[in-house]
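**Q** Going by my numbering, the sequence shown opens with residue 1101, and the numbers climb by one from there.
We put the CB at the ideal spot given by N, CA and C, even for glycine.
Owing to the predicted nature of the structure, the values given are computational and were not obtained by experimental measurement.
One structure, as structure tokens, below. Some questions next.
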Amino acid sequence: MRVLQSILLTGGAGFVGSALARQLLRCDGFERLVVLDKLTGGGRRENLADLAGDPRFSFVEGDIADQPRVERLIREAGLKGLMNLAAERQVGPFLLEGDPFTAPNVAGTVQLLDACRVTGIPMLQCSTAEVYGPMEPPGQATEDSPLAPATLYAASKAAADLMCLAFRKSHGQDVVITRGTCLYGPRQHPAEFIPTVVRQAVGDEPVPLAREGMQVRDWLHVDDYCRGMIAAFLRGAPGEIFNFGGQCERTDLGVARNVVELLGKPASLITGIPAKSRENGRCAVECTKALRYFGWRPELAIKNALGNLARELASNVVAQQ
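Pasting the structure below:
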């Protein structure tokens, strides 16, 4: 049985990782958290600044591809599990050239799997619902749905998931996989959708929406997803996959209108731009497995959480001006 006592959290300085770090430190009986982050992309040391005074917390700047160092961290701190949130993500404009994802997201995951195999500790792999590809309404992907990623990022995460399952079959690796939908919440990368809308609106600048704002997303608060990951780590059987969604499908236009209204700005700031031929489509998952296994369901509806988030982001924008 896995114990949530001491964890190596890779990618813990990012948006999701820093939220998970806070939840782990609030868990009963939790003793030690070591965050390993390369501080590239969305990883920022300031995301963890308020945790620096906790004696149970330590931060290490480093690369998950450095397997000997990962093994040394696990052994020296006596860590009982690894939760992998380290990944290069696709943020902002669509990438048409190059592949910044395969090395860190696939090869890096393999290095972590092997480090866990050598040290004998369990691993949670944080994936994404984007591995299923776009879904036509009202369809929802289950954990058994075929993988059909539509972007390089999603393809790299799908490949990493397959490596996890292969390690399970080949080496008996204790690994569990989680897949979340469109996440939002505090400390999100400035180029993500909601922070971008807030920044533009606060500056009275146009808020451009791809696909005329008609893209549909299933919005899941990062804190709900972190609860799900912790539950999956503790109670998910080795080799299992768990979907987590907000069960809250909204168009970009609908969310943007809500944000602009909450900030007291005119809706006329919102403008539509033509669809990109390879823009991500609707991503939706069925979450009955998580409900059945450990009673998980989303608790933070976007209609309730969006107000505080928008005002917090707006305050940050003003403070930086």
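Who are ASP1137's beta bridge partners in DSSP?
**A** Counting from one through the sequence shown, the residue named residue 1137 turns up at place 37. For ASP1137, which the question treats as bridged, DSSP gives the partners GLU1161.
**Q** Alpha carbon to alpha carbon, how far is PHE1201 from TYR1253? Give it in angstroms, no decimals.
**A** For this step, residue 1253 is matched to residue 153 along the sequence shown. For this step, residue 1201 is matched to residue 101 along the sequence shown. Approximately 6 Å, taken between the alpha carbons.
**Q** Nearest CA to the CA of SER1106: which residue from PRO1168, ALA1165, GLN1167 and LEU1173?
**A** Here residue 1106 refers to the residue found at position 6 when the sequence shown is read from its first residue. Out of PRO1168, ALA1165, GLN1167 and LEU1173, LEU1173 has the C-alpha closest to the C-alpha of SER1106.
**Q** Quick check: the Cα distance between GLU1340 and CYS1383, rounded to an integer number of angstroms?
**A** Position 240 of the sequence shown, counted from the first residue, corresponds to residue 1340. Position 283 of the sequence shown, counted from the first residue, corresponds to residue 1383. Rounded to whole angstroms, GLU1340 to CYS1383 spans 21 Å at the Cα level.
**Q** I'd like the list of long-range same chain contacts for ALA1215, defined as Cβ closer than 6 Å, with 5 residues on each side in sequence excluded.
**A** If you number the sequence shown from 1, residue 1215 lands on position 115. GLN1167, VAL1170 and GLU1171.
**Q** Who does ILE1107 pair with in a DSSP beta bridge?
**A** Here residue 1107 corresponds to residue number 7 of the sequence shown, with the count starting at 1. Looking at the DSSP assignment, ILE1107 forms a beta bridge with LEU1133 and GLY1181.
**Q** I'd like the span of the alpha helix (DSSP H) that includes SER1415, first residue to last.
**A** The residue labelled residue 1415 in the question sits at position 315 within the sequence shown. Where SER1415 is concerned, the enclosing alpha helix (DSSP H) stretches over 1402-1420.
**Q** How far does the beta strand (DSSP E) with TYR1284 in it extend, from its first residue to its last?
**A** Residue 1284 sits at position 184 when you count from the first residue of the sequence shown. Unbroken beta strand (DSSP E) run through TYR1284: 1282-1284.
**Q** Please determine if the region 1208-1223 and the region 1313-1320 are in contact, where contact requires at least 3 C-beta pairs separated by less than 8 Å.
**A** Judged by Cβ distances under 8 Å, the region 1208-1223 makes no contact with the region 1313-1320, as fewer than three pairs qualify.
**Q** Quick one: is ALA1186 buried, meaning 16 or more other Cβ sit within 10 Å of its Cβ, or exposed?
**A** Taking the first residue of the sequence shown as position 1, residue 1186 is located at position 86. It is buried - the Cβ of ALA1186 has at least 16 other Cβ atoms within 10 Å.
**Q** Going along the chain, which residues of its own chain have a beta-carbon closer than 7 Å to the beta-carbon of LEU1283, five neighbours each way excluded?
**A** For the purposes of this step, residue 1283 is taken as residue 183 along the sequence shown, with counting starting at 1. Excluding residues within five positions, the ones whose Cβ falls inside 7 Å are VAL1116, LEU1320, VAL1322 and TYR1325.
**Q** Which of the three DSSP states is assigned to HIS1321 in this structure?
**A** On the sequence shown, residue 1321 is found 221 positions in, with the first residue counted as 1. Of the three classes helix, strand and coil, the one that applies to HIS1321 here is strand, per DSSP.
**Q** Thinking just about the alpha-carbon of each residue, which of GLN1240, VAL1359 and GLY1153 is nearest to the one in VAL1307?
**A** Walking along the sequence shown from the start, residue 1307 turns up at place 207. It is VAL1359.
**Q** My parser needs the alpha helix (DSSP H) runs of 4 or more residues fully inside the region 1199-1279; what are they?
**A** Counting only runs of 4 or more, we get 1208-1219 and 1252-1271.
**Q** From LEU1139 to GLU1161, what distance separates their C-alpha atoms?
**A** As a position in the sequence shown, residue 1139 is number 39, starting the count at 1. As a position in the sequence shown, residue 1161 is number 61, starting the count at 1. Straight-line Cα distance between these residues: approximately 7 Å.
**Q** Going by DSSP in three states, LEU1148 sits in which element: helix, strand or coil?
**A** The residue you call residue 1148 lines up with position 48 of the sequence shown. Residue state, collapsed to three classes: helix.
**Q** Can you confirm whether GLY1328, when its beta carbon is compared against all beta carbons of chain B, has any partner nearer than 8 Å?
**A** Considering every chain present, this structure includes no chain B. It has just one protein chain.
**Q** Are the region 1234-1245 and the region 1291-1307 touching, with three or more C-beta to C-beta distances below 8 Å?
**A** Too few Cβ pairs lie closer than 8 Å, so no.
**Q** Buried or exposed: which applies to THR1388, given that a residue is buried once 16 or more other Cβ atoms fall within 10 Å of its Cβ?
**A** Start at 1 with the first residue of the sequence shown, and residue 1388 comes out as number 288. Burial call: exposed.
**Q** Would you call the CB atoms of LEU1224 and ALA1121 closer than 8 Å?
**A** By one-based count along the sequence shown, residue 1224 stands at place 124. By one-based count along the sequence shown, residue 1121 stands at place 21. No, they are not a contact pair.
**Q** Whose C-beta lies closer than 6 Å to the C-beta of ARG1287 among residues of the same chain, with five residues either side of it excluded?
**A** Here residue 1287 refers to the residue found at position 187 of the sequence shown. Answer for ARG1287: PHE1115, SER1118 and ASN1147, listed in chain order.
**Q** What does the Cβ neighbour count give for LYS1269, buried or exposed, with the cut at 16 atoms within 10 Å?
**A** Numbered from 1 along the sequence shown, position 169 holds the residue referred to as residue 1269. Exposed.
**Q** The alpha helix (DSSP H) spanning VAL1307 covers which residue range?
**A** What you label residue 1307 is simply residue 207 of the sequence shown in a count that begins at 1. No alpha helix (DSSP H) contains VAL1307, which is instead part of the beta strand (DSSP E) from 1307-1310.
**Q** Would you report the Cα separation of GLU1386 and GLU1230, rounded to the nearest angstrom?
**A** Taking the sequence shown and counting its residues from 1, one reaches residue 1386 at position 286. Taking the sequence shown and counting its residues from 1, one reaches residue 1230 at position 130. GLU1386 and GLU1230: Cα-Cα distance of roughly 13 Å.
**Q** According to the Cβ coordinates, are LEU1362 and ALA1410 closer than 8 Å?
**A** Position 262 of the sequence shown holds residue 1362. Position 310 of the sequence shown holds residue 1410. Yes, these two residues count as a Cβ contact at 8 Å.
**Q** Classify GLU1236: buried if its beta carbon has 16 or more other beta carbons within 10 angstroms, exposed otherwise.
**A** Within the sequence shown, the letter at position 136 stands for residue 1236. Flag for GLU1236 reads exposed.
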